[in-house]
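Report on the following structure.
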């Protein structure tokens, strides 16, 4: 079955630690996205990418980094510079077209700070 | 800038009641409009979408009509079920070099009781 997988489901971070969230898709989509969800805040865009080895900052990129070495994969690293990392992180992917393309979401990773 | 405003929740209804969740938007250009649904602990699923004015999106008994004159995309369902309890997000996208980033509202929680 085609879809988006995210791992792990829960992730714990210690002070000063970098952690990496995995996102893989087998939908053959060119574009991939990372969102952060906080209670009552909706979703906010962290980074997005439309092609391998290229990505763009979203609205809240500070304290995060990404890579896009393969079309199927778009891992997100939450660095120690992100002072409030506790949130639900959602990865999405879409085709590239004329606009209005549907984004498909993974099941999410919940990040908690110890 | 672009923005989406949804009615605040929670919206509490009895089974078989009529549902309306209001959504209005501000955008430069001609956006595509979406409703996504999120069940507890899960990612987002596309519920319906509309890509141009006067289009009606529909799915699983839910409907929304793209009203350019009132910049609205209200979600309706004639008879809700307990299984419809979830958080509903209205979102817009504008074409940008062939791919589209989504701008979300803050979400509206729906609680349906038997």
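Chains as they are written, first to last, in the numbering used here: chain R, 1 to 114; chain W, 1001 to 1114.
Positions of the beta carbon are idealized from the N, C-alpha and C atoms, including for glycine.
Among all the DSSP beta bridges, which residues are the ones paired with residue i?
i	result
residue 1030 of chain W	Paired residue(s): none; residue 1030 of chain W is not in a bridge.
residue 1065 of chain W	W/1056
residue 1107 of chain W	Residue 1107 of chain W pairs with nothing; no bridge assigned.
residue 150 of chain R	The structure shown does not extend to residue 150 of chain R, since chain R is modelled only from 1 through 114, so no value can be given for it.
residue 42 of chain R	R/38
residue 88 of chain R	R/37 and R/110
residue 1006 of chain W	W/1023
residue 32 of chain R	R/49 and R/93
residue 1014 of chain W	W/1113
residue 13 of chain R	R/113
Under 8 angstroms Cβ-Cβ, which residues of chain R neighbour residue i?
i	result
residue 1106 of chain W	40, 41 and 42
residue 1063 of chain W	Ordered by position in chain R, no residue passes the 8 angstroms Cβ test against residue 1063 of chain W, which lies about 18 angstroms from the chain.
In chain order, what residues of the same chain have a beta carbon less than 7 angstroms from the beta carbon of residue i, not counting five sequence neighbours either side?
i	result
residue 5 of chain R	24 and 106
residue 58 of chain R	45, 46, 47 and 48
residue 1024 of chain W	1005, 1071 and 1072
Quick one: which chain W residues come within Cβ less than 8 angstroms of residue i?
i	result
residue 100 of chain R	1032, 1049, 1051, 1093, 1095 and 1100
Thinking C-alpha only, which one of the options is nearest residue i?
i	options	result
residue 1055 of chain W	W/1077, W/1031, W/1041 and W/1044	W/1031
residue 1088 of chain W	W/1075, W/1012, W/1068 and W/1080	W/1075
residue 27 of chain R	R/8, R/17, R/87 and R/73	R/73
residue 21 of chain R	R/85, R/41 and R/50	R/85
residue 109 of chain R	W/1062, W/1043 and W/1016	W/1043
residue 1113 of chain W	W/1008, W/1015, W/1002 and W/1009	W/1015
residue 1036 of chain W	W/1001, W/1080 and W/1086	W/1086
residue 1080 of chain W	W/1023, W/1040, W/1048 and W/1011	W/1011
residue 1027 of chain W	W/1106, W/1048 and W/1068	W/1068
residue 114 of chain R	R/41, R/18 and R/35	R/18
residue 53 of chain R	R/41, R/38 and R/69	R/69
residue 12 of chain R	R/93, R/97, R/88 and R/92	R/88
residue 10 of chain R	W/1105, W/1041, W/1059 and W/1110	W/1041
residue 40 of chain R	W/1009, W/1111 and W/1095	W/1009
Taking C-beta pairs closer than 7 angstroms, name the residues in chain R that residue i reaches, listed in chain order.
i	result
residue 1046 of chain W	102
residue 1043 of chain W	90, 105, 106, 107 and 108
Who are the near neighbours of residue i in its chain, counting only those whose CB is closer than 6 angstroms to its CB and skipping five residues on each side?
i	result
residue 1050 of chain W	1033, 1057 and 1066
residue 117 of chain R	This structure gives no information on residue 117 of chain R, because the portion of chain R shown stretches from 1 to 114.
residue 63 of chain R	79, 81 and 82
residue 66 of chain R	47, 55 and 76
residue 2 of chain R	26 and 27
On the CB-based measure, 16 or more other CB atoms within 10 Å of its CB, does residue i come out buried or exposed?
i	result
residue 55 of chain R	buried
residue 1108 of chain W	buried
residue 1103 of chain W	buried
residue 1092 of chain W	buried
residue 1082 of chain W	exposed
residue 33 of chain R	buried
residue 1006 of chain W	buried
residue 1084 of chain W	buried
residue 112 of chain R	exposed
residue 104 of chain R	buried
residue 1029 of chain W	exposed
residue 1003 of chain W	exposed
Taking Cβ-Cβ distances shorter than 9 angstroms, what residues in chain R pair up with residue i?
i	result
residue 1089 of chain W	42 and 43
Could you name the residues of chain W that residue i contacts, counting a contact when the two beta carbons are closer than 7 angstroms?
i	result
residue 48 of chain R	1101
Report yes if the C-beta of residue i is less than 6 angstroms from at least one heavy atom of the ligand MN; otherwise report no.
i	result
residue 5 of chain R	The ligand MN is not part of this structure, which contains no ligands at all.
Below 8 angstroms CB to CB, which residues in the same chain sit around residue i once its five sequence neighbours on both sides are set aside?
i	result
residue 61 of chain R	46 and 47
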